[in-house]
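Asks:
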Amino acid sequence: MLMAEIINGFTGFNRSVQNNPNVEFSHASEDEVPAEETPFDEEQLESIGVKDRRWSWVEVDRSAIQFNVMSTKRLLKPGTRLMAVVKADAYGHGAVEVARAATASGATFLGVATVDEGIQLRKAGLNQPILMLSQPPEEAVPLLLFYQIMPAIYTHEFAIAYAECADSHGLKAPYHLAVNTGMNRIGVRHDRVVEFLRQVSFHRALKLEGCFTHFATADSMETLDWERQMHRFWDAMAAIEQAGMNPGIVHCDNSASIYRYPKTHFDMVRLGIALYGYQPAPDTHRFVELRPAMSVHARITNVMAVPMSEGVSYGMNYRSPGSVKICTVPLGYCDGLTRLLSGKIDFAYQDRAVHQVGNICMDQCMFEVDLRTRAGHRTLDPQVGDEVLIAGPHPSVDCSIETMARRASTIEHEITIGFSHRMPRIYK
Ligand SMILES: *Cc1c(COP(=O)(O)O)cnc(C)c1O
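Structure below.
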């Protein structure tokens, strides 16, 4: 018998039948879940909590968000506005919850990256001014006007489309002018802003509410590029005023620039990564205390004594030294624990550092608990259901998101955003 026949014999699965268009492939009715007549009450099923459905979740500490807003606000002159940048679902923390916490403690402006992010905030009842930090397709203009989301504008075509749509509905078209001072991502060139404003200002609906630029190197110890951008922005704002126009709310500082260059706070600062508790540059801890808001948790789903030299996980590039228990937790690279970090991070289990071992799988990964007795250490006895801190602040174990970012050669932004929504957000 051929191997294929043996396999088909085992599974009852016959490819030649399945692939034959003349044979109607009947779905195996006995395998299907009956649609009705369930003994379960659906409402009771709904009430099974998210943490009881899968043992991995993300906690977000609202008081840390509020602490970071207040620590930053203390460094601003009275009257300087603070924008909470809540784009990308508040860097993975949950835009609505973060916007509520931030505005409750002093943020008066919200920054988003997309039209839909702005709409989400409006639908949740947030009524602060919202600035979209780029320019959407013209087709989205009615959404901007209806939901009162201000765009950052840098092309004539968009400015006119926005103004005409507003005017035809008897509305104003407020916007912030994006100025390119050297990052070369978006914006009107710094030496063309007056020309740009003159070209669009004929339109009565358009209303310049603010002007901003964005620094490419605010976190760098080399200050020359930052200074060049700052001077270009300064000159552009002066040129607007000299031309008899009002630039409105002038802003340029992102997190790193807020703490490192207080002289450019101007009328508003844009707080992003520091809102979530991460130091935006190597030297900023000298100027501000921040508290990370996010932590990732899991419960052990399996505990095994793996004999010496047996492998663990895909590729088996970790081999058991014998004196360990291997514990499994139900999160993997689909959840944002990037595979790049396989074997390179520690978790905190009962206040001790435990090494993640073997390749991180899509939905699960493993860590080892050393069973050898050592002076001053009690031996751990891991059990299914025990809680593990996967990432986040801990007083003695280095399992921080900063460390994860460093070991993955990236920045904290990408790590926090990477924790997928398959893991529920729990707010404290
Ligand atoms: C994302 C973003 C910010 C926030 O930057 P952080 O470095 O996270 O503080 C500020 N301004 C603009 C234009 C942005 O795109």
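Here the numbering used here is used: the first residue of the sequence shown is 1, the next is one more, and so on.
For each residue, glycine too, the CB sits at the ideal point set by N, CA and C.
Since we're looking at a predicted model, the values are computed, not measured.
Alpha carbons only, please: which of 324, 288, 275, 286 is nearest the one belonging to residue 294?
Replies: If we check each option's Cα against that of residue 294, 275 comes out closest.
Asks: Taking 8 Å as the threshold (C-beta atoms), are residue 284 and residue 259 in contact?
Replies: Cβ distance < 8 Å, so residue 259 and residue 284 count as in contact.
Asks: Just to confirm before moving on: does the CB-CB distance between residue 420 and residue 336 stay below 8 Å?
Replies: In this structure, residue 336 lies closer than 8 Å to residue 420 by Cβ.
Asks: For residue 297, list the residues DSSP reports as bridge partners.
Replies: Looking at the DSSP assignment, residue 297 forms a beta bridge with 57, 389.
Asks: So, under 8 Å CB-CB, residue 429 and residue 281 are touching, yes? Tell me the CB distance rounded to an integer number of Å.
Replies: Since the first residue of the chain shown is 1 and the last is 428, residue 429 is not available in this structure.
Asks: So, for residue 188: in the same chain, excluding its five sequence neighbours on each side, which residues have a beta-carbon less than 8 Å away from its beta-carbon?
Replies: 154, 177, 178, 179, 180, 196.
Asks: Is it true that the CB of residue 388 sits closer than 8 Å to the CB of residue 347?
Replies: A contact, by the Cβ cut-off of 8 Å.
Asks: Please name the residue in 391, 193, 278, 334 whose C-alpha comes closest to that of residue 412.
Replies: Per the Cα distances, 278.
Asks: With a 10 Å radius around its C-beta and 16 neighbouring C-beta atoms as the bar for buried, classify residue 151 as buried or exposed.
Replies: Label assigned to residue 151: buried.
Asks: Can you tell me which of the three DSSP states residue 429 falls into?
Replies: The displayed coordinates of the chain run from 1 to 428. Any statement about residue 429 would go beyond what the structure contains.
Asks: Could you please give me the residues that DSSP links to residue 368 through a beta bridge?
Replies: Bridge partners of residue 368: 326, 355.
Asks: So, with DSSP's three-state summary, where would you put residue 431?
Replies: In the structure displayed, the chain extends from 1 to 428; residue 431 sits before or after that span and is not available.
Asks: Can you tell me whether DSSP reads residue 380 as helix, strand or coil?
Replies: If DSSP states are grouped into helix, strand and coil, residue 380 belongs with coil.
Asks: Report buried or exposed for residue 93, applying the criterion of at least 16 other Cβ atoms within 10 angstroms of its Cβ.
Replies: Buried, since its Cβ has 16 or more Cβ neighbours within 10 Å.
Asks: Specify the secondary structure class of residue 18 as computed by DSSP and reduced to three states.
Replies: Because residue 18 carries a pLDDT of 49, less than 50, the predicted location of this residue cannot be relied on, and no value is offered for it.
Asks: Considering just the uninterrupted stretch of the beta strand (DSSP E) at residue 73, what are its terminal residues?
Replies: Residue 73 -> not in any beta strand (DSSP E); alpha helix (DSSP H) instead, spanning 62-73.
Asks: Take residue 361 as the anchor and find which of 339, 373, 368 has the nearest alpha-carbon.
Replies: Selected option, being the one with the closest Cα: 339.
Asks: Would the beta-carbon of residue 171 fall within 8 Å of that of residue 145?
Replies: It is a contact, given that the beta carbons lie within the stated cut-off.
Asks: Buried or exposed: where does residue 409 fall if 16 or more other Cβ atoms within 10 Å of its Cβ makes it buried?
Replies: The residue in question, residue 409, is exposed, as its Cβ has fewer than 16 Cβ neighbours within 10 Å.
Asks: Regarding residue 85 and ligand 1, is the C-beta to nearest heavy atom distance less than 7 Å?
Replies: Yes, Cβ of residue 85 sits closer than 7 Å to a heavy atom of ligand 1.
Asks: Give, in chain order, every unbroken run of the alpha helix (DSSP H) that is at least 4 residues long and sits entirely within the stretch 69-123.
Replies: Qualifying alpha helix (DSSP H) stretches, in chain order: 87-91, 95-104, 115-123.
Asks: Can you say whether residue 378 is buried or exposed, counting buried as having 16 or more other CB atoms within 10 angstroms of its CB?
Replies: With fewer than 16 other Cβ atoms within 10 Å, it is exposed.
Asks: As a quick exercise: from 158, 353, 68, 426, pick the residue whose alpha carbon is nearest that of residue 396.
Replies: Closest by alpha carbon: 353.
Asks: Run through DSSP, which three-state label would residue 172 get?
Replies: DSSP places residue 172 in coil when its eight states are reduced to three.
Asks: Could you check if residue 384 is buried or exposed, using at least 16 other CB atoms within 10 Å of its CB as the buried criterion?
Replies: Classification for residue 384: exposed.
Asks: Can you tell me whether residue 256 sits near ligand 1, meaning its C-beta is under 7 Å from at least one heavy atom of the ligand?
Replies: Because some heavy atom of ligand 1 lies under 7 Å away, the Cβ of residue 256 counts as near it: yes.
Asks: Would you say the stretch 51-68 touches the stretch 228-246, given that touching needs at least three Cβ pairs under 8 Å?
Replies: Short answer: they don't touch.
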